[in-house]
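Student: Take any residue in the sequence shown, count from 1 to its spot, add 302: that is its number in the working numbering.
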Amino acid sequence: MTSKHIVVIGAGYAGLSAATRAGRGGARVTLVAPESRLLHRIRLHETAAGREVPRPTIAHVLRGRPVTHLQARVTELDLAGRKVFTDTGETLAYDTLVYALGSRTSWQDVPGAAEHAYSAERAAELSRRIQDAPVPGTVAVVGGGATGIELAAELAEAHPDWQVRIVAAGAVGGHFSERGRAHVRKVLDGLGVTLHEHTAVTAVTADRLETAAGPVPADLVVWAASLEVHPLAAEAGLAVTANGQAVVDDHLRSVSHPDVHVVGDAAAVVLPGIGRLRMACATAQPMGSYVGRLLAGRTTGPFKYRYATQCLSLGRREALVQLIHADDSMRQGIITGPLGRLTKALIVNAVPLSLR
Ligand SMILES: Cc1cc2nc3c(=O)[nH]c(=O)nc-3n(C[C@H](O)[C@H](O)[C@H](O)COP(=O)(O)OP(=O)(O)OC[C@H]3O[C@@H](n4cnc5c(N)ncnc54)[C@H](O)[C@@H]3O)c2cc1C
């Protein structure tokens, strides 16, 4: 055991993967995060639809590793003095900080969105609201990307008596290959989901969305149009991009503070031949794992990454596994039906295991 103290803030896919591996190097490691169980964001659409999602405790993920979990929220960072302040009154001094505070739903300054819409983070509340509704109604999911599609498909399948709509500024699933997009549309159509494409939402009220094409009635609104990173990186003085992600070097070290590593959605990672990595579990976990191994002295080279697939669940019976090139561009190949469903389920179930 060395006297070095590594503090990891955030216990998502990136933070946990970093903490469990960093602990193998002999340093003292403290993980700071408010929750006692893995948030497991990639299954929040299932939670929204009322399904019981197994979420391991943080203690279970950390078992047998010399990592202390401080259940608290970070309120402030003193990067010059190497200190982390928490809402429970503790102040932690660190030699190395791993910043992994992730991202959250962005309301994009749309009037009424924060007041009237649910985000994926409030999935359990949304599920109760649907179950407690006296009569079935209309739920509008705003956003036609992967998160919006997964939410809409899951809600439509679990609640066939509700009318589910997707309202999207562009084309629904527009970033997939032609075949991938066609499959998504076919499944959504089979589930009775109505698409309002190229329809930007300008305001949200208690019973409708205002759009450039006119009002869209909605008893419930789910906002899945955009993500934003935690503001603490910028507030603390780390070098950040225009969207607040920390600028890092090829070892995922902050370019302004080399004693701070940044991983997951919080980091703006630009790789040769790929460009800026997407905010995703698929990129967050490998980043955390790499920094953990780096800090434990198990690797010295730069961070490397290659994309392989994009997987989308479309309810419990269908899925899309979209094959992609190493740089995230689309191949035409897709896997659907039972094999697609099985592949997606295997990947999702493997994620908690990959955190150690
Ligand atoms: C419904 C849904 C489905 C998704 N599906 C997929 C998918 O299929 N594939 C994929 O690759 N990606 C998917 N994503 C995206 C993926 O979930 C995120 O990109 C991923 O969670 C980022 O991981 P992270 O570790 O960087 O941060 P997060 O998972 O956001 O974790 C952040 C951590 O920081 C903690 N934290 C926040 N604030 C503080 C604070 N002040 N102090 C201390 N701790 C704090 C949080 O509690 C949490 O522990 C999906 C997202 C959603 C919402």
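Positions of the beta carbon are idealized from the N, C-alpha and C atoms, including for glycine.
Values in this document were obtained by computation on a predicted structure and should not be read as measured data.
Considering G450, what are the terminal residues of the alpha helix (DSSP H) in which it resides?
Tutor: Counting along the chain, the alpha helix (DSSP H) containing G450 begins and ends at A448 to A460.
Student: Along the chain, where does the beta strand (DSSP E) containing E512 start, and where does it finish?
Tutor: From DSSP, the beta strand (DSSP E) with E512 extends over R510 to T513.
Student: Run through the DSSP bridge pairs and tell me what V564 is partnered with.
Tutor: Looking at the DSSP assignment, V564 forms a beta bridge with Y401.
Student: State yes or no: is the C-beta of G314 nearer than 6 Å to some heavy atom of ligand 1?
Tutor: Yes, Cβ of G314 sits closer than 6 Å to a heavy atom of ligand 1.
Student: Hey, would you say A473 sits closer than 7 Å to E499, going by beta carbons?
Tutor: Result yes, Cβ atoms of A473 and E499 sit closer than 7 Å.
Student: When you compare only the Cα positions, how much space is there between L379 and V400?
Tutor: Rounded to the nearest angstrom, the two C-alpha atoms are 12 Å apart.
Student: Which same chain residues, not among the five before or five after L529, have their C-beta less than 8 Å away from its C-beta?
Tutor: Around L529: S405, R406, T407, S408, D567 and M581.
Student: Can you give me the C-alpha to C-alpha distance between M589 and P574, rounded to a whole angstrom?
Tutor: If you take the alpha carbons of M589 and P574, they lie about 16 Å apart.
Student: Does at least one heavy atom of ligand 1 sit under 6 Å from the Cβ of H287?
Tutor: Here the chain comprises residues numbered 303 to 658, so residue 287 is not present and cannot be evaluated.
Student: Cβ of G566 within 6 Å of any heavy atom in ligand 2?
Tutor: Annotation note on ligand 2: not contained in the displayed structure, which lists ligand 1 as its ligands.
Student: Using DSSP with H/G/I as helix, E/B as strand and the rest coil, what is A320?
Tutor: A320: helix per DSSP, three-state reduction.
Student: Buried or exposed: which applies to L644, given that a residue is buried once 16 or more other Cβ atoms fall within 10 Å of its Cβ?
Tutor: Exposed, by the Cβ-count rule.
Student: Within its chain, find whatever has a CB closer than 7 Å to the CB of A426; leave out the 5 residues flanking it on each side and keep chain order.
Tutor: Closer than 7 Å at Cβ, skipping near neighbours: T349.
Student: Leaving out the 5 sequence neighbours to the left and right, which residues in its chain are closer than 6 Å to L497 when beta-carbon positions are compared?
Tutor: Closer than 6 Å at the Cβ level, and outside the excluded window around L497, lie I468 and V474.
Student: Looking at H563 and ligand 1, is the gap between the Cβ and the nearest heavy atom below 6 Å?
Tutor: Not under cutoff, so the answer is no.
Student: For L403, collect the residues of the same chain with a Cβ closer than 7 Å to its Cβ; drop the 5 residues on either side in sequence, then sort them by chain order.
Tutor: Cβ neighbours of L403 beyond the five flanking positions: I311, G312, H532, L534 and A568.
Student: Give a single yes or no on whether I311 has its beta carbon closer than 6 Å to a heavy atom of ligand 1.
Tutor: For ligand 1, at least one heavy atom lies less than 6 Å from the Cβ of I311.
Student: Where DSSP assigns a beta bridge to F387, which residues make up the other side?
Tutor: DSSP, once it has assigned bridges, lists E378 and T393 as partnering F387.
Student: Going by beta carbon distance, what residues of the same chain come within less than 6 Å of R330, once the five residues before and after it are set aside?
Tutor: These residues qualify, in order along the chain: H307.
Student: Would you identify the three-state DSSP class for P588, choosing helix, strand or coil?
Tutor: Three-state result, P588: helix.
Student: Among the candidates E480, E452 and D434, whose CA atom is the shortest distance from the CA of A621?
Tutor: Comparing Cα-Cα distances from A621 to each of E480, E452 and D434, the minimum goes to E452.
Student: Ligand 1 and G594: does any heavy atom of the ligand fall closer than 6 Å to the residue's C-beta?
Tutor: Incorrect: G594 has no Cβ contact closer than 6 Å to ligand 1.
Student: Are the beta-carbon atoms belonging to Y396 and V309 less than 7 Å from one another?
Tutor: Yes, they are a contact pair.
Student: Report yes if the CB atom of R555 is closer than 7 Å to the CB atom of R323, and no otherwise.
Tutor: Going by C-beta atoms, R555 is not nearer than 7 Å to R323.
Student: Can you find a heavy atom of ligand 1 that lies under 6 Å from the Cβ of S546?
Tutor: It should be pointed out that residue 546 corresponds to Gly in this sequence rather than to Ser. Checking every heavy atom of ligand 1 against the Cβ of G546, none is found closer than 6 Å.
Student: Is any beta-carbon of chain C found at less than 7 Å from that of G546?
Tutor: In the structure shown, chain C cannot be found, because there is only a single protein chain.
Student: Would you check if the distance between the CB atom of R357 and the CB atom of R339 is smaller than 7 Å?
Tutor: Yes. Within cutoff.
Student: Taking 7 Å as the threshold (C-beta atoms), are V593 and V565 in contact?
Tutor: For V565 and V593, yes; Cβs fall inside 7 Å.
Student: Please tell me whether G450 and A526 are closer than 7 Å, where the distance is taken between their beta carbons.
Tutor: Yes, the Cβ-Cβ distance between G450 and A526 is below 7 Å.
Student: Rounded to the nearest angstrom, what separates L493 and A316 at their Cα positions?
Tutor: Straight-line Cα distance between these residues: approximately 34 Å.
Student: Quick one: what does DSSP say E480 is sitting in, helix, strand or coil?
Tutor: Helix.
Student: Leaving out the 5 sequence neighbours to the left and right, which residues in its chain are closer than 7 Å to A598 when beta-carbon positions are compared?
Tutor: Counting only Cβ-Cβ distances below 7 Å, and skipping sequence neighbours, we find R323, A324, R326 and G327.
Student: Just checking T449 against ligand 1 - is the residue's beta carbon closer than 6 Å to any of the ligand's heavy atoms?
Tutor: Under cutoff, so the answer is yes.
Student: Quick check on the burial criterion: 16 or more other C-beta atoms within 10 angstroms. Buried or exposed for R608?
Tutor: It is exposed - the Cβ of R608 has fewer than 16 other Cβ atoms within 10 Å.
Student: Mapping DSSP to helix, strand and coil, what is I576?
Tutor: Note: I576 maps to coil in three-state DSSP.
Student: Just to confirm my understanding: we take Q587, look at its own chain, exclude 5 residues before and 5 after, and list those with CB closer than 6 Å. What are they?
Tutor: Result list for Q587: Y315, S319 and S656, in chain order.
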